[in-house]
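Going line by line, the protein sequences match chains A and B.
With our numbering applied, the first sequence corresponds to residues 1184 to 1528, in that order.
With our numbering applied, the second sequence corresponds to residues 3 to 243, in that order.
A virtual CB, placed ideally from N, CA and C, is assigned to each residue, including glycine.
Computed from a predicted structure; not experimentally measured.
Remarks on the structure that follows.
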Amino acid sequence: MSATSSGMTPAPAPVRRPFPVRTTVLVGVVVLLLALVPWTFGAFTVATFTRALVFAVLAMSVNLLTGVAGMPTLGQAAYFGVGAYTGALVAIHWSDLGVLQLVLATLAGVVAALVTGPLAIRGRGVAFLMITLAIGEIGFSAAGRLDSVTGGTDGLSGIPPVVAVPGTEGLVNEGLIYYYVLVVAVVAYLAVAMLLRSPFGLTLRGLRDNEGRLRAVGYRTDSYALAAYVYAGGLAALAGSLWASSQRFVAPGDLGFEVSALALLAVIVGGVGSMWGACLGALVVVFTQDYLGQLFSGHAPLLLGLLFVLAVYLLPKGIAGGRSQWRRLFPRERSQEDDEAVTPV
Amino acid sequence: MTSDDVAAAPILATRGLVSGYAGSRVLHEVDVELPEGGVLAVLGRNGVGKSTLVSTIMGLVRPMAGSVTVAGREVAGSRPDRIAKLGVGLVPQGRRVFAPLTVAEHLEIADRAGRKGDWTRDRVVELLPRLGERMRHRGDELSGGEQQMLAIARALLTNPTILLLDEPSDGLAPSVVHQVADVVREVCGAGMSVLLVEQNLRLALSVADRVVVMQKGSVRWDASVGEFRRNRERAEELLGI
């Protein structure tokens, strides 16, 4: 390396992170396959897919904090609950229009995250995990005690069917509810993917790797951590609204520690940091819990425990990291181009 | 700049700086002055507080007492991002590049955060052409020398007026150390002031115009390079060489 070389090296263009063609095609194929679900499976399986899609949106929210920004959380169920109750209350008292429920629920999640976020982001690592756990528990407790708003431990029932398109009937058919959830989940996925490809997403990755370095470069990292927290809160609330629309019942259990823990498990199984991995992890967790759990009569927690152990031992980087782990186990033959690429200074 | 007496006003100064970690004092009333456009080498054995001095100046460690001024402005206890915005750039010990980010992303992240000025991505790549060939490589795929150049590039893109270099030769091959020295001379030639923490005496003396020797968290000797070279016995005694 010549530090004082007079030869002009081509200037680096600003980093553009467009959606790679292969990824775009793959996402399209996956969406098409998902669109075939109501035509292929029975009502119970379609309902399980619906729950899995809702859970995938929640898992993306957890992954945004845990995998992208490096702030592992156990409190996203609180914002999921805020969204679920807001969506349910809007549907019961005001409008059965889905878009309105989604927007207001997301806004409620954003406000809740804005209020609690400054407290949460004071800590990092285990401290952050404990604060978010406390926020989740406060949310759970509040949902059970605020009888006049949440219906207390009885929960909120009688949620009218969601209207996806103004002027049409509410959705009662399991397949149509599934499509409603699928469309919103795909939009949420694209919104998160765009965020990750933005300069903000790049900064969050820097935050995960080393906050001190980022601060020394001139970033006010607390602002970025709070922004990520608020974005994730809004996303979790969006998932909550989908939950209320699809289940038509919301109870304090939907805000419980178990929900946050399962969402974190989905992220670990899918691959920390990978959004498609988190979605796939959500699918695996929900099907293990709801489908296999039923087949093995009530042993879902045991199966989930096994799943976690298997993921940690066999796929420490999750499903999404499977390819790189495969490459490490079976490295391809090095080409001359590769050799040149890694020639050290 | 090779003069023994750099008379310019200090652009960076610490006065009675006391700092450390979790109640344990590492720095004891440290006074250092970096003249504008000068290169000050901070020398000393391992564990004497050199890196703590740099971290405290940068705001990464909160001082317990004393002052740090940048261009006459008190910054002791300020947040690192505020200090960076005032024109202080840091090349940390051990390079510490962002492992998962590519070279191009490193440059982007620094460019976006930093002050606007003469140091653009074009100019940085012109100075460090190897980085231009490594744009799509992740930080953890680079050699030690490339990582050091990337850490310097990241700091330069924030357009600092003061560059803090913490042991830039640490773990590098002699040929790469020469390149680091070339870069330091180049940025000084561009008017930047450099505070160089270094254990490599040859590198430090080849670029610095003033030397501060630390021992047990205090400044024991503040001398011009010429004075330091002339008083070999004292240098050997303080540095244990």
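Would you kindly work out how many angstroms separate the C-alpha atoms of residue i and residue j, rounded to a whole number?
i, j, result
"Leu-207(B)", "Arg-1391(A)", "38 angstroms"
"Ala-1291(A)", "Ala-1242(A)", "19 angstroms"
"Leu-29(B)", "Asn-48(B)", "14 angstroms"
"Arg-1388(A)", "Pro-102(B)", "8 angstroms"
"Glu-1352(A)", "Met-1313(A)", "44 angstroms"
"Gly-1190(A)", "Leu-42(B)", "Note that Gly-1190(A) scores a pLDDT of 40, beneath 50, so its modelled location is shaky; the value from the coordinates is reported in the next line. The straight-line gap from Cα to Cα measures roughly 30 angstroms."
"Met-1377(A)", "Val-50(B)", "47 angstroms"
"Thr-160(B)", "Leu-36(B)", "19 angstroms"
"Leu-1219(A)", "Val-1229(A)", "10 angstroms"
"Trp-223(B)", "Arg-1307(A)", "40 angstroms"
"Leu-1497(A)", "Asn-1356(A)", "40 angstroms"
"Pro-1343(A)", "Leu-1283(A)", "14 angstroms"
"Asp-113(B)", "Thr-122(B)", "8 angstroms"
"Asp-1405(A)", "Val-227(B)", "42 angstroms"
"Val-77(B)", "Ile-13(B)", "12 angstroms"
"Ala-1444(A)", "Thr-1223(A)", "31 angstroms"
"Phe-1479(A)", "Val-1452(A)", "21 angstroms"
"Gly-1547(A)", "Leu-1209(A)", "This structure leaves residue 1547(A) out entirely; chain A is present only between 1184 and 1528."
"Glu-1441(A)", "Gly-40(B)", "60 angstroms"
"Ala-1422(A)", "Ala-1371(A)", "9 angstroms"
"Glu-188(B)", "Leu-1297(A)", "46 angstroms"
"Val-1400(A)", "Asp-1337(A)", "52 angstroms"
"Ala-115(B)", "Gly-1258(A)", "31 angstroms"
"Ser-1331(A)", "Ala-1325(A)", "11 angstroms"
"Leu-1485(A)", "Asp-124(B)", "57 angstroms"
"Gly-1481(A)", "Gln-1472(A)", "9 angstroms"
Measure the Cβ-Cβ separation of residue i and residue j and say whether it is below 7 angstroms.
i, j, result
"Leu-205(B)", "Ala-225(B)", "no"
"Ala-1239(A)", "Trp-1426(A)", "no"
"Leu-1248(A)", "Thr-1269(A)", "no"
"Val-56(B)", "Asp-168(B)", "yes"
"Phe-1323(A)", "Pro-1221(A)", "no"
"Val-1375(A)", "Met-1254(A)", "no"
"Thr-1207(A)", "Thr-1256(A)", "no"
"Val-93(B)", "Ala-153(B)", "yes"
"Val-1364(A)", "Ser-1429(A)", "yes"
"Ala-1274(A)", "Ala-1411(A)", "no"
"Cys-190(B)", "Val-196(B)", "yes"
"Met-151(B)", "Leu-133(B)", "yes"
"Val-44(B)", "Lys-52(B)", "yes"
"Leu-1359(A)", "Val-1345(A)", "no"
Under 8 angstroms Cβ to Cβ from residue i, same chain only, skipping five residues before and after it: list those, please.
i, result
"Gln-149(B)", "Arg-97, Val-99 and Gly-141"
"Ala-1295(A)", "Ala-1261, Tyr-1262, Val-1265, Gly-1416 and Ala-1420"
"Gly-18(B)", "Glu-31, Val-32, Asp-33, Ala-67, Gly-68 and Ser-69"
"Asp-1522(A)", "Caution applies to Asp-1522(A), whose pLDDT of 42 falls short of 50 and renders its modelled position unreliable; the value that the coordinates give is listed next. Within the same chain, Asp-1522(A) has no close Cβ partners at all."
Excluding the 5 residues preceding and the 5 following residue i in the sequence, name in chain order all residues of the same chain whose CB lies nearer than 6 angstroms to its CB.
i, result
"Leu-1339(A)", "Ala-1271 and Val-1433"
"Thr-1299(A)", "Ile-1318"
"Asn-233(B)", "none"
"Leu-88(B)", "Val-72"
If you follow the beta strand (DSSP E) that residue i is part of, which residue opens it and which one closes it?
i, result
"Leu-42(B)", "41-45"
"Arg-212(B)", "212-217"
"Arg-27(B)", "26-37"
"Ser-220(B)", "220-226"
"Gly-91(B)", "90-93"
From the options, pick the residue whose C-alpha is nearest to that of residue i; which is it?
i, options, result
"Gly-1281(A)", "Gly-1504(A), Leu-1287(A) and Ala-1347(A)", "Ala-1347(A)"
"Tyr-1474(A)", "Leu-1215(A), Leu-1359(A), Ala-1235(A) and Leu-1216(A)", "Ala-1235(A)"
"Arg-231(B)", "Arg-222(B), Met-216(B), Arg-212(B) and Lys-218(B)", "Arg-212(B)"
"Phe-1232(A)", "Asn-1246(A), Gly-1505(A), Leu-1283(A) and Leu-1217(A)", "Leu-1217(A)"
"Arg-156(B)", "Pro-1382(A), Leu-1359(A), Leu-1397(A) and Val-1309(A)", "Leu-1397(A)"
"Ala-1237(A)", "Ala-1494(A), Val-1468(A), Gly-1504(A) and Phe-1479(A)", "It should be noted that the sequence gives Val, not Ala, for residue 1237(A). Taking only the C-alpha atoms, the option nearest Val-1237(A) is Val-1468(A)."
"Gly-1350(A)", "Ser-1278(A), Asn-1246(A), Val-1455(A) and His-1482(A)", "Ser-1278(A)"
"Thr-16(B)", "Val-221(B), Thr-104(B), Ser-145(B) and Gln-181(B)", "Val-221(B)"
Where do the ends of the alpha helix (DSSP H) carrying residue i lie?
i, result
"Pro-82(B)", "82-87"
"Pro-1574(A)", "What is shown of chain A runs 1184 to 1528, which leaves residue 1574(A) out entirely."
"Arg-17(B)", "Arg-17(B) -> not in any alpha helix (DSSP H); beta strand (DSSP E) instead, spanning 12-23."
"Asp-184(B)", "176-191"
"Gly-1211(A)", "1204-1218"
"Arg-1391(A)", "1382-1392"
"Gly-1258(A)", "Premise fails: Gly-1258(A) is in no alpha helix (DSSP H) and is neither H nor E."
"Ser-1480(A)", "It is not in any alpha helix (DSSP H) - Ser-1480(A) carries neither H nor E in the DSSP assignment."
"Val-70(B)", "Taken as a continuous stretch (DSSP letters only), Val-70(B) belongs to no alpha helix (DSSP H), being part of the beta strand (DSSP E) at 67-72."
"Ser-57(B)", "52-60"
Spatial neighbours of residue i within its chain, please: CB distance less than 7 angstroms, with the 5 preceding and 5 following residues excluded, ordered by chain position.
i, result
"Val-20(B)", "Arg-27, Leu-29, His-30, Glu-31, Pro-65, Met-66, Ala-67 and Gly-68"
"Ala-237(B)", "Phe-230"
"Ala-1186(A)", "Here the model assigns Ala-1186(A) a pLDDT of 40, short of 50, so the residue's position is not dependable, and the following value carries that caveat. Around Ala-1186(A): no qualifying Cβ."
"Leu-1409(A)", "Gly-1300, Pro-1301 and Ile-1304"
"Ala-1503(A)", "Gly-1453, Gly-1454, Ser-1457, Trp-1459 and Gly-1460"
"Arg-117(B)", "Lys-87, Gly-89, Thr-160 and Asn-161"
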